[in-house]
Every structure is written in C-alpha cells, then in structure tokens.
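For reference, each letter of the sequence shown is one residue, going 91 to 475 in the numbering used here.
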Amino acid sequence: MTIKSIRRLSTKPVVDKLFNVVRSSSCNERQTQLNHLLDTYALSHNLINDVLQRWGVEQPKREALWMCESEGDESQKLTFDDIHKQSCRLANTFTNREYNLTPGQTVLVILPNNAKERVLLLLACLQAGLIYCPYDPKYLTDIGISERVRKLSVNCVITDEDHLEIVQQSTGTPLRPLKKGLIMKPSTAKLSPVSWNHLIQQVNNAESTYTKFVNMNHTTPVIRLLSNNNNNGIEYSHGTLNLHLILTALWLNSNKTPRLIWMNDQNEIMTIASWLFGSSIFYKEIENLRTMIHTFENYPIDTFCTTLTKYQMLENEQEQEQEQEQENKTNLQQLFSSETINSKLKTLWHSFTNLDIRDDYIGFRNNPKLNKFSNHVQHTIPRIS
C-alpha cells in the first residue's frame, strides 16, 4: 500500500460522514449524520483538499468557482476537477526545483480578495504543508510588506503585475533570500523581472497530481494573519482550520444548501467552507447598488454572503428609489452576513428582497449542540507575538 493510500484511508471516515450529511434528505437525518461527523472531525488534517478530490471524482464537471469580471460580463468557470488539479500543480511547483519550499516554510500572498489564485494558493499550501499568509493589496504599504516578511518569517512571496512595483521595493534586500512568484496577465508577452518566476507558466507545466506525503499533526500551523497595524496576528493550525471550516459550512447550510453562493469581501476560510457541501462559489466585485442588483438579476445566484458595508449600500435612498421602480426578478433565497446587521437595515433588505439576513454566526457557534465543538475552536487559536 502506498503512503498516499494510507493517508486517504486515514481521512476517509471524515469525508464519508460529511457526504452523508450532504445527502441527508430530512432535517432529522441530517442532524443524526452531523452528530456522527462531529465525533470524528479531527481525523483529517487536510479535510478541504480531500473533499475537493472527492467532488472531482464523483462530479468532475460540476462548477466550483465562477469568476466574473468587475466590468462587463466576461467570466471564467472552474469545475471541482479543475480546482483540485490546479491546486496540485501549484503544490508541485512550490516543492520542485525552482522554489524548493519545504513543509513549515511560509508563503506571503499579495493578491486581491477576489483573485481565484488566492484560494488556489491556500489549497496548494495545505497540500504541501506550507504556511499561507494573505495580504490584501487594499492595505498595501512598504512597511506592511517588510513587517510581514520579518514577523511571519516569510520564505516566498507571490504577487501580480498590478502590485509588483511596491512589492519589489520592499523585498529587494530581505533578511533572508526570498523565492518570488509573479502572476502575469495572459496577454503579457514580456519576460518576468530578474529573480521573479513566471508562476502560471511553471504551474501549467507541473503534474496535476500531488503525491508527496506531508506528515503533520493537528497543531501544525497552516495560516498566519497579521492585522493592518502589524501589532497583532492570528495563527491557525490544521485542526483549528478544519473546525472553522466545518462550523462555517454548517452555518451556511443550516437551512438549505446553496447552489451558487456569491461570496463578496470574505476571507478564504468563509469562502472555501462552501465547498464542503458542494456549493458553487461566485466572485464579482461590487462597485455600487446598481452593480449588485444587476448581478442578482443576470446570474443564477441563490445565496449572498457579504459584509455590513455592502449591505449598507441599500441605505442610499435615492439609488434605492431608482432601482425599486423596476421589478427585480432574482433567484435569491438566502442572505448571510458574517457581521451583525442592525434591525433597520434588516427591515430595509427584507422589504427589498422578501428575505431575512442571517447574521448569527457567533450565536450559531454557541448553539448547545455545537457548544463543545465551538469552544474548542475558540481556545485553539494561538496569537502571533
């Protein structure tokens, strides 16, 4: 039996029980299967990748990620098979000769929240046992980059052409040599700058299966975050990440499983949790209320998950009146917010969509049936000093 087969057998009980929850036809049956899942949740140190591989085998043509350009209606779709294979190619690229990264080393990813490469890089880091550190370019500064390289012990930095100049300035003379990957636009014919690898070109030439075994326990760190003021940080271990993914997936699926969920301004954990139950994820930036409503009307989105800021767009009464002059026909069935929404704003959205906003994520985690499960999550998130 190969090492890969042994690993699959060790994680198979968790994935099997998760799929039993997904396929449950009634609420009572789902709760029973859920109890079985919670009993064995900690067995899998790479739950999300194992689930994605399972979806890729069972439903390879099923859409996993739908990327839509902010301007215009051009879009790109990736299936579960695509997601799994591309993340494996990235993992192989990171551990091959060009990068030669080893388990426990850190990758700083400076890409927009809505870039598909961010979630693929997270999956690749999980596969290869690397520590994933995202940095939102909205808050990009020279000091911010330098502090992250130093405090997070960064070994590799990945960015795109739009942010290359400032990243180059901040990583030119690091304390330690850095591996550097650049995501270049498909239309770009020029060579990548000196000391920067053309990441996508290398990924396209890599193997689509990842067979290197990484032996890690549930306390091994996989994600490190640093706040914008660079004073406080959070570290997620394998076990903690799995717990958060399951809790978030249960919250998003507590009523019905979304078919196509629009994730806007959400972190990677909130986003990829949708895949545990086989939902398709939709990415598009929101410039204003008109863009939001146009998207609802023109795409088969049945679930919307965003932040308080985006929900507040509806408080613009003048724009609201203009939009309400037209009959809004959408597929919307569920609204979620990871932040608390005030009652006035909830009422406004209910009158606009005939839907209630669910913003009880913290309360959901404190449900008596999940209390022990939830408390374990909260007490296993170490801080970065």
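Built from N, CA and C at the ideal position, the CB exists for glycine as well.
On a predicted model such as this, the values are computed, not experimentally measured, just so you know.
Starting from residue i, trace the alpha helix (DSSP H) in both directions and tell me its first and last residue.
| i | result |
| --- | --- |
| Q176 | 170-185 |
| F426 | It is not in any alpha helix (DSSP H) - F426 instead sits in the beta strand (DSSP E) that spans 424-427. |
| E255 | 254-261 |
| M360 | 358-362 |
Between residue i and residue j, what straight-line distance do the alpha-carbon atoms span, to the nearest angstrom?
| i | j | result |
| --- | --- | --- |
| N110 | Q123 | 6 Å |
| T169 | K400 | 28 Å |
| K346 | T443 | 18 Å |
| V209 | V312 | 14 Å |
| Q423 | T393 | 6 Å |
| Y451 | L268 | 38 Å |
| W341 | R144 | 22 Å |
| I324 | R314 | 6 Å |
| W286 | A205 | 20 Å |
| S243 | T301 | 27 Å |
| I138 | L191 | 21 Å |
| D226 | I200 | 6 Å |
| F426 | W352 | 10 Å |
| D355 | E375 | 8 Å |
| W439 | T385 | 16 Å |
| N305 | A214 | 15 Å |
| Q259 | C223 | 19 Å |
| V247 | Q149 | 34 Å |
| C395 | S428 | 8 Å |
| L212 | L350 | 21 Å |
| C158 | L230 | 24 Å |
| L108 | S344 | 14 Å |
| G106 | V284 | Correcting the residue type first, residue 106 is Asp in the shown sequence and not Gly. Their Cα atoms are separated by approximately 47 Å. |
| S282 | K275 | 11 Å |
At what residues does the beta strand (DSSP E) containing residue i begin and finish?
| i | result |
| --- | --- |
| N245 | 244-250 |
| T393 | 393-396 |
| L431 | Going by the sequence as given, residue 431 is Ile instead of Leu. First-last for I431: undefined, no H or E at that position. |
| L316 | 311-316 |
| E325 | 323-327 |
| L269 | Residue identity check: residue 269 is Lys in the sequence provided, not Leu. Here the beta strand (DSSP E) through K269 covers 269-273. |
Where does residue i fall in DSSP's three states?
| i | result |
| --- | --- |
| F372 | strand |
| K346 | coil |
| M353 | strand |
| G453 | helix |
| H384 | helix |
| P227 | helix |
| N421 | coil |
| H334 | helix |
| N444 | coil |
| E188 | coil |
| S236 | helix |
| S285 | coil |
| S165 | strand |
| Y300 | coil |
| T122 | helix |
| Y222 | strand |
| L404 | helix |
| N295 | coil |
| N305 | coil |
| N378 | coil |
| L133 | At L133 the pLDDT is 49, less than 50, meaning the model places this residue with poor confidence and gives no usable figure here. |
Out of the options, state which residue places its alpha-carbon closest to the alpha-carbon of residue i.
| i | options | result |
| --- | --- | --- |
| I383 | M403, D252, I452 | M403 |
| I173 | N203, T192, V141 | V141 |
| I520 | L379, I362, Q149 | Residue 520 falls outside the range modelled here, since the chain spans only 91 to 475, and no answer is possible. |
| C178 | N295, L281, Q149 | N295 |
| D252 | C223, P202, Q217 | P202 |
| Y389 | T420, T396, M360 | T420 |
| R152 | W365, L435, S428, L335 | W365 |
| K175 | Y225, E297, Q291 | E297 |
| T310 | K275, I431, I221, G453 | I221 |
| D182 | M360, L331, E387, L289 | Reading off the sequence, residue 182 comes out as Asn, not Asp. When only C-alpha atoms are compared, the closest one is L289. |
| G219 | V197, R240, T231 | V197 |
| I359 | E377, H334, Q291 | H334 |
| Q292 | E188, S165, V147 | E188 |
| I273 | N118, L254, E377 | L254 |
| I447 | T338, K434, K167 | K434 |
| H308 | L331, S317, G453, N378 | L331 |
At what residue ranges does the region 193-220 contain a whole run of the beta strand (DSSP E), taking only runs of 3 or more? 196-200
My parser needs the beta strand (DSSP E) runs of 3 or more residues fully inside the region 136-163; what are they? 153-158
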